[in-house]
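Protein chains in written order, with numbering that gives the first Met the number 0: chain A, 0 to 143; chain B, 0 to 143.
Protein chains: 2
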Amino acid sequence: MNDLPDETTILAWARLVLAARSVLGAVEADLKAAGFPPLGWYDVALEVRRAGRAMRPVEIEEQLLIPQSNVSRLLDRMVAAGYLSRQPCADDRRGFELNLTLAGHDLLAKMWPTYRDLIQRHVGGKLQPGEAETLAAALGRLLD
Amino acid sequence: MNDLPDETTILAWARLVLAARSVLGAVEADLKAAGFPPLGWYDVALEVRRAGRAMRPVEIEEQLLIPQSNVSRLLDRMVAAGYLSRQPCADDRRGFELNLTLAGHDLLAKMWPTYRDLIQRHVGGKLQPGEAETLAAALGRLLD
DNA sequence: TAGTTTTAAATGCACATGCATCTTTTTTCA
DNA sequence: TGAAAAAAGATGCATGTGCATTTAAAACTA
C-alpha cells in the first residue's frame, strides 16, 4: 500500500496536468473569441439538459467536481444571465431546483457547433486512430 | 480540415477535464494538508533545478503554460518566501535571472517523498498495468 | 542610424476562487 | 419525541487570475 510510482506513471501525471491546461486554455480562448460564455456554463447547462428534470445545486457539484461555493456563485451568474431558473425546492426547503430556460437550451444549441469543432481541432485531430479509446479508458480509471 | 469528433473523442475530452480536476484537486488538497505550498511552486522549482542554470521568467511561462502575469506574481511569492532569487539579467536588461535558493532545493527534497506517494495513490494505483504508458503517449500527442 | 516593431516583465482593476462560517432544514438515533 | 448531527446553500473575506495597459529594452528594417 505504499509502493512508488514508476517513471511512466510520473510522466503520465505530468502530461495530464499540462495537456489539460493546454487544451482547456485553447478551447476556452477560442470559445471566448467566438463570443461565448466560459466552458463551465456549457457544462452546467448540459448537465441539466441531460438530466431531463430539475436538478439540485448539490448534484451539479458532484457531477462536475466543482466546490460548493463556486457552484453557488456560478449558478448566480447563470441565473442572472437568464440561462437557468432557480426556484425553491418543494420537498426540501433547504434546496433549490434548477431548470434550463429557453435561453439556456438555446445557448447549448448555439455553442455546440463551435465547441464540437474545437474538440476535434484540439483533441480528436491530434490523436492517432484508436488512441481516443485508450485515452478515454485510462482517464476513466482515474475517475473511479 | 473541418471534420467532426466521434463519440469516443468527445468522451475522452470530457474525461480529460474531469480527471485532471479530480486528481489535481486531490493532490493539491493532500499537499496542503501535509503543510506544503501549492503544486505550482514545486513545478517552478523543479523546472529551475532541471535546467541546471539560471532561468528567465519567460521560460517558465513556456514550459509550464502559465500566463505571463500569473508567472510574474507567482515568482513574486516564491521570491518573498525565499525559495527563489530573482536578479537582473546581465545580457538582457529587460529580464531577470531566476535561481533556486538553498531553501528552494530543500523544498524540492522535502516535498518529493510526499508528492511521489500522492502520484502513486491518485494516478499509478488506479491504472491497469501498461495503461500509464498509453496514457502518457496519448497525452503527449495533445501537447504537440 | 533613426524609427518602427517586437519582446520581457510589472501592474491596476475587475472578477473568480478557496476557505471558513452561518443559517436553515432534514436526518439520525437514543 | 427531542436533542444532536449532518446536509444544502449563501456569504464575507482574503487571495489568485485574466486582461489590458505600461515601461523599458532589444531586434528589425528602411
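Beta carbons: idealized from backbone N, C-alpha and C, even for Gly. Everything numeric in this text was worked out from a predicted model, so none of it was measured.
Span of the alpha helix (DSSP H), counted from its first residue to its last, around residue i
{"i": "N69 of chain A", "result": "Q67 to A79"}
{"i": "P56 of chain A", "result": "P56 to L63"}
{"i": "A33 of chain A", "result": "Per DSSP, A33 of chain A belongs to no alpha helix (DSSP H) and is neither H nor E."}
{"i": "G123 of chain A", "result": "From DSSP, G123 of chain A is part of no alpha helix (DSSP H); its letter is neither H nor E."}
{"i": "G139 of chain B", "result": "E130 to L141"}
Exposed unless 16 or more other CB atoms sit within 10 angstroms - verdict on residue i
{"i": "L17 of chain B", "result": "buried"}
{"i": "P87 of chain A", "result": "exposed"}
{"i": "L15 of chain A", "result": "buried"}
{"i": "G123 of chain B", "result": "buried"}
{"i": "A131 of chain A", "result": "buried"}
{"i": "A44 of chain A", "result": "buried"}
{"i": "A89 of chain A", "result": "exposed"}
{"i": "A11 of chain B", "result": "buried"}
{"i": "G129 of chain A", "result": "exposed"}
{"i": "G51 of chain B", "result": "exposed"}
{"i": "G34 of chain B", "result": "exposed"}
Test: residue i CB closer than 8 Å to a CB of chain B
{"i": "K31 of chain A", "result": "no"}
{"i": "A144 of chain A", "result": "Chain A is shown from 0 up to 143; residue 144 of chain A falls before or after that span and cannot be answered."}
{"i": "R140 of chain A", "result": "yes"}
{"i": "T133 of chain A", "result": "yes"}
{"i": "A18 of chain A", "result": "yes"}
{"i": "S21 of chain A", "result": "yes"}
{"i": "R115 of chain A", "result": "yes"}
{"i": "I59 of chain A", "result": "no"}
{"i": "N1 of chain A", "result": "yes"}
{"i": "R49 of chain A", "result": "no"}
{"i": "E46 of chain A", "result": "no"}
{"i": "R55 of chain A", "result": "no"}
{"i": "E96 of chain A", "result": "no"}
{"i": "E27 of chain A", "result": "no"}
CB contact check: residue i to chain A, cutoff 8 Å
{"i": "L73 of chain B", "result": "no"}
{"i": "L106 of chain B", "result": "no"}
{"i": "P4 of chain B", "result": "yes"}
{"i": "I9 of chain B", "result": "yes"}
{"i": "K109 of chain B", "result": "no"}
{"i": "W40 of chain B", "result": "no"}
{"i": "V122 of chain B", "result": "yes"}
{"i": "G24 of chain B", "result": "yes"}
{"i": "L101 of chain B", "result": "no"}
Residue i: first and last residue of the uninterrupted beta strand (DSSP E) it sits in
{"i": "P87 of chain B", "result": "L83 to P87"}
{"i": "L97 of chain B", "result": "F95 to L99"}
C-beta contact flag for residue i and residue j at 8 Å
{"i": "L30 of chain A", "j": "T113 of chain A", "result": "yes"}
{"i": "A135 of chain A", "j": "T7 of chain B", "result": "yes"}
{"i": "E46 of chain A", "j": "Q67 of chain A", "result": "no"}
{"i": "L141 of chain A", "j": "S21 of chain B", "result": "yes"}
{"i": "L3 of chain B", "j": "Q119 of chain A", "result": "yes"}
{"i": "V26 of chain B", "j": "L138 of chain B", "result": "no"}
{"i": "L106 of chain B", "j": "Y82 of chain B", "result": "yes"}
{"i": "R48 of chain A", "j": "L99 of chain A", "result": "yes"}
{"i": "R85 of chain B", "j": "L97 of chain B", "result": "yes"}
{"i": "M77 of chain B", "j": "W40 of chain B", "result": "yes"}
{"i": "D143 of chain A", "j": "K109 of chain B", "result": "no"}
Item to complete: With a floor of 3 residues, list each beta strand (DSSP E) that falls wholly inside the stretch 2 to 46 of chain A, ordered by position along the chain.
Response: none
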